[in-house]
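Read through the structure below, which is laid out as structure tokens, and then see the notes.
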Amino acid sequence: MKYMLLIYLEEHSLDETERQACYVESTQLAHQLKADGQYLAASPLQPTALATSVRVRDGKRFVTDGPFAETREQLGGYYLVDVQDLDAAIAIAEQIPMARKGTVEVRPLIEIPGLPKD
Numbered sequence: 004m005k006y007m008l009l010i011y012l013e014e015h016s017l018d019e020t021e022r023q024a025c026y027v028e029s030t031q032l033a034h035q036l037k038a039d040g041q042y043l044a045a046s047p048l049q050p051t052a053l054a055t056s057v058r059v060r061d062g063k064r065f066v067t068d069g070p071f072a073e074t075r076e077q078l079g080g081y082y083l084v085d086v087q088d089l090d091a092a093i094a095i096a097e098q099i100p101m102a103r104k105g106t107v108e109v110r111p112l113i114e115i116p117g118l119p120k121d
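Residue numbers in the sequence shown follow the numbering used here, run continuously in steps of one, and reach 121 at the last position.
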């Protein structure tokens, strides 16, 4: 089953040294997951200052700068994994470095027939 592990944290909670260390540790985890056949994708996201939100209401497009919701923690990155069950996904989520400073949300994907394959 595929799970999206969404990483939330306060965007400015890491200094550059901590951020680089997180990238190194996250890359190591990705390589471990790949070796175990569980890795599908992972990436940090650019800051919310570079985000754009799109909404369509009554057929009209509304584009605004920044994330849709104002919250204390922002979506900072993700892992996409293919594992046996929720327990396996949670075991991976707890290894993500930002789980120690923020929150990792574990969400199963809905696989829709007919979507393009890799």
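Glycine is no exception: its CB is placed at the ideal position from the N, C-alpha and C atoms.
Element boundaries [alpha helix (DSSP H), containing residue i]
{"i": "Ala95", "result": "Sequence inspection shows Ile at residue 95; the Ala mentioned does not correspond to that position. Element bounds for Ile95: Leu89 to Ala96."}
{"i": "Lys37", "result": "Glu19 to Ala38"}
Heavy atom of the ligand ATP within 7 Å of residue i beta-carbon
{"i": "Pro119", "result": "Annotation note on the ligand ATP: not contained in the displayed structure, which lists no ligands."}
Residue i to residue j span [Cα, whole Å]
{"i": "Ile10", "j": "Ala92", "result": "13 Å"}
{"i": "Arg58", "j": "Val66", "result": "7 Å"}
{"i": "Ala102", "j": "Pro119", "result": "32 Å"}
{"i": "Leu8", "j": "Gln41", "result": "12 Å"}
{"i": "Leu109", "j": "Gln87", "result": "Note on residue identity: the sequence assigns Val, not Leu, to residue 109. Each residue's alpha carbon lies about 14 Å from the other."}
{"i": "Lys37", "j": "Leu43", "result": "8 Å"}
{"i": "Asp18", "j": "Gly117", "result": "43 Å"}
{"i": "Ser16", "j": "Tyr6", "result": "26 Å"}
{"i": "Ser29", "j": "Pro100", "result": "7 Å"}
{"i": "Asp39", "j": "Gly69", "result": "36 Å"}
{"i": "Leu32", "j": "Ile95", "result": "9 Å"}
{"i": "Ile113", "j": "Val107", "result": "19 Å"}
{"i": "Tyr26", "j": "Ala54", "result": "21 Å"}
{"i": "Gly62", "j": "Leu89", "result": "38 Å"}
{"i": "Gln35", "j": "Gln98", "result": "11 Å"}
Beta strand (DSSP E) segment containing residue i, residue limits
{"i": "Lys63", "result": "Lys63 to Asp68"}
{"i": "Gln41", "result": "Per DSSP, Gln41 belongs to no beta strand (DSSP E) and is neither H nor E."}
{"i": "Leu112", "result": "Premise fails: Leu112 is in no beta strand (DSSP E) and is neither H nor E."}
Opposing strand residues paired with residue i [DSSP bridges]
{"i": "Ser155", "result": "Absent from the model: residue 155. The displayed extent of the chain is 4 to 121, so no value can be given."}
{"i": "Thr106", "result": "Tyr11"}
{"i": "Gln77", "result": "Leu12"}
{"i": "Lys5", "result": "Asp85"}
{"i": "Pro47", "result": "Gly80"}
8 Å contact criterion, which residue i and residue j should meet: CB distance rounded
{"i": "Glu76", "j": "Glu13", "result": "6 Å"}
Quick one: any contact between the segment 43-53 and the segment 80-89, if contact means 3 or more CB pairs under 8 Å?
yes
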